[in-house]
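Single-structure report; data block below.
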Amino acid sequence: MIGKTISLAVLAATLAVAGCSMQQNGTHDNADVKIQTPIGGLKFKTNDAVVPGETGLPAYPGATVAKKDNRDNGAADIDISFGDFHLRVRAVGYRTPDSPEKVRAFYRKELARYGDVIECEDDHSVGTLSRTSEGLTCDEGKHIKISNIDRHAKAEFELKTGSKNHQHIVAIEPHPEGTKFGLVSLDVPSEEKSN
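So the mapping is simple: my numbering equals the position in the sequence shown, first residue as 1, plus 56.
Structure below.
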């Protein structure tokens with residue numbers, strides 16, 4: 057659903073370009089782009105210093121922002137609004153020399169302040185809880201990948217809390233030098249609004 061929603065939003069943004077205004081601040085490394093149309097708008101921000109605080113989760117102690125190369129940011133804040141349709145994704149990737157188990161334990165505790173926490177591996181629940189009290193399951197929002205760090209690494213592990221429309225996700229992957237993980241805050245329109 058997320059891929060379809062984002063595709064529809066991008067299409068709507070493309071079709072609405074006529075009569076739009078565009079503002080860009082910053083550089084390639086720290087972009088802040090705003091596109092406003094008569095029917096809605098798009099905001100896109102990549103700034104390692106600002107976005108991490110927007111996820112609602114603290115950085116793991118000693119972790120560093122993970123970048124694909126020296127020019128890319130490890131964080132993004134995307135906000136798309138057209139009428140009743142509103143999609144917001146805030147995400148940041150990190151690396152730490154600590155084990156995936158330590159990262160998992162830290163974020164399990166941090167996510168608990170938002171409600172029930174489900175553990176997912178390969179889009180299936182692990183443990184006794186398979187659905188949050190707000191109805192979120194492991195297959196909601198699937199295919200959120202941090203990156204392709206190792207083709208032979210075991211399946212990505214996720215911790216999730218919230219509802220189908222408002223989620224906090226911690227995606228954890230083992231890395232040869234420790235752990236790579238991503239923090240995501242996801243606000244997705246309801247089925248009625250995305251149609």
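We put the CB at the ideal spot given by N, CA and C, even for glycine.
Query	Result
Kindly indicate the opening and closing residues of the beta strand (DSSP E) around Leu-113.	Run containing Leu-113: none; DSSP gives neither H nor E here.
Distance check for Val-240 and Val-121, CA to CA, integer angstroms please.	14 Å
Excluding sequence positions up to five away, which residues of its chain have a Cβ less than 8 Å from the Cβ of Glu-233?	Arg-151, Pro-153
Are the Cβ atoms of Gly-149 and Lys-236 separated by less than 8 Å?	yes
Can you tell me where the alpha helix (DSSP H) holding Pro-156 begins and where it ends?	156-167
From this set, Thr-188, Arg-164, Gly-112, which residue's C-alpha is nearest Arg-146's C-alpha?	Gly-112
Can the beta-carbon of Phe-213 be found closer than 8 Å to that of Arg-160?	yes
Got a sec, what are the start and stop residues for the beta strand (DSSP E) Thr-102 sits in?	First-last for Thr-102: undefined, no H or E at that position.
Within a Cβ cutoff of 7 Å, which residues of the same chain sit near Lys-249, ignoring the five residues on either side of it in sequence?	Note that Lys-249 scores a pLDDT of 47, beneath 50, so its modelled location is shaky and nothing firm can be said.
Buried or exposed: where does Asp-178 fall if 16 or more other Cβ atoms within 10 Å of its Cβ makes it buried?	exposed
Just list the residues that DSSP pairs Pro-230 with in beta bridges.	Thr-235
Roughly how many whole angstroms lie between the Cα atoms of Val-182 and Ile-134?	30 Å
The beta strand (DSSP E) with Thr-217 in it runs from where to where?	213-218
To which residues of the same chain is Tyr-116 closer than 8 Å at the C-beta, ignoring the five residues directly before and after it?	Tyr-150, Thr-152, Asp-154, Val-159, Phe-162, Tyr-163, Phe-237
Per DSSP, what are the beta-bridge partners of Thr-252 in this structure?	This structure cannot speak to residue 252, because the chain is shown only from 57 to 251.
Within 10 angstroms of its Cβ, does Pro-230 collect 16 or more other Cβ (buried), or is it exposed?	buried
How about Leu-167 and Thr-102: do their beta carbons lie closer than 8 Å?	no
Per DSSP, Asp-133 is paired with what?	Lys-101, Arg-146
Can you name the residues that DSSP bridges to Cys-176?	Ser-181, Glu-214
Is Thr-184 buried or exposed, if buried means 16 or more other CB atoms sit within 10 Å of its CB?	exposed
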